[in-house]
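Asks: Below you will find the structure I want to go over with you.
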């Protein structure tokens, strides 16, 4: 399967713990996006990478959140000192910069539950 | 804050019925996309509309982009249970092409 993959698919943690999610984009896709989706709502943009550079961060991304894409391939999203309000589906998407209209391909997401 | 409002929020219909989902914004978008999402999965792109007034058809699905590129609609003819899912519109925003998603329409088609 050459689509976007995310790991883990599900994560249950206790409040105050740190969690890290991984996203592997489609090979050769230089753009990578993270979104967060709460139940019954549309996804909300969190952050964007072009290659290894993090070029945009949403105000939703508090200082407890950090994202990296060290070699311009896979990306990680870490949440420190998790809170119950962090419970959501975290989606990763990738695209090629020269395609028109931002054809983003989404991974299956990581569902985080904070107890 | 979501900039795209979808209506209705929920829709439960019988197999064979027709339906329309609306996506409205006060902002102009260079393009607008429609996605379908099933539980526990990521959104899957259905269509991209770029030109004001554009109409695209995908089998029983018809998508329209408003003349002013602020709104869009999705019409499904003769709905089937397999159409069940969360339908999302998304505007493409800014130099990074991030997606600004609508509030979503949850469709349930009963056999």
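Chains as they are written, first to last, in our numbering: chain A, 22 to 136; chain B, 1226 to 1336.
Positions of the beta carbon are idealized from the N, C-alpha and C atoms, including for glycine.
Return the Cβ separation of residue 58 of chain A and residue 112 of chain A in integer angstroms, given the expectation that the two are a contact with Cβ distance under 8 Å.
Replies: 6 Å
Asks: For residue 1308 of chain B, which of helix, strand or coil comes out of DSSP?
Replies: helix
Asks: According to the Cβ coordinates, are residue 66 of chain A and residue 1323 of chain B closer than 8 Å?
Replies: Yes, the pair counts as a contact, with Cβ atoms nearer than the cut-off.
Asks: Candidates B/1300, B/1247, B/1239, B/1321: which alpha carbon is nearest residue 1285 of chain B's?
Replies: B/1300
Asks: Would residue 1268 of chain B pass as an interface residue toward chain A - the criterion being a Cβ-Cβ separation below 8 Å?
Replies: yes
Asks: Closest Cβ-Cβ distance between residue 1299 of chain B and chain A: below 8 Å?
Replies: no
Asks: Per DSSP, what kind of secondary structure is residue 125 of chain A in: helix, strand or coil?
Replies: coil
Asks: Under 8 Å, with one C-beta from each stretch per pair, do the stretch 1300 to 1316 of chain B and the stretch 1226 to 1235 of chain B reach the 3-pair mark?
Replies: yes
Asks: With DSSP collapsed to three states, give me the class of residue 107 of chain A.
Replies: helix
Asks: Can you tell which of B/1239, B/1240, B/1277, B/1262 has its C-alpha closest to the C-alpha of residue 1254 of chain B?
Replies: B/1277
Asks: Where residue 99 of chain A and residue 24 of chain A are concerned, what is the direct C-alpha to C-alpha distance, given to the nearest angstrom?
Replies: 22 Å
Asks: Please confirm whether residue 1282 of chain B has its beta-carbon closer than 8 Å to some beta-carbon of chain A.
Replies: no
Asks: Please check if any C-beta of chain A sits within less than 8 Å of the C-beta of residue 1254 of chain B.
Replies: For residue 1254 of chain B, no Cβ of chain A is located within less than 8 Å of the residue's own Cβ.
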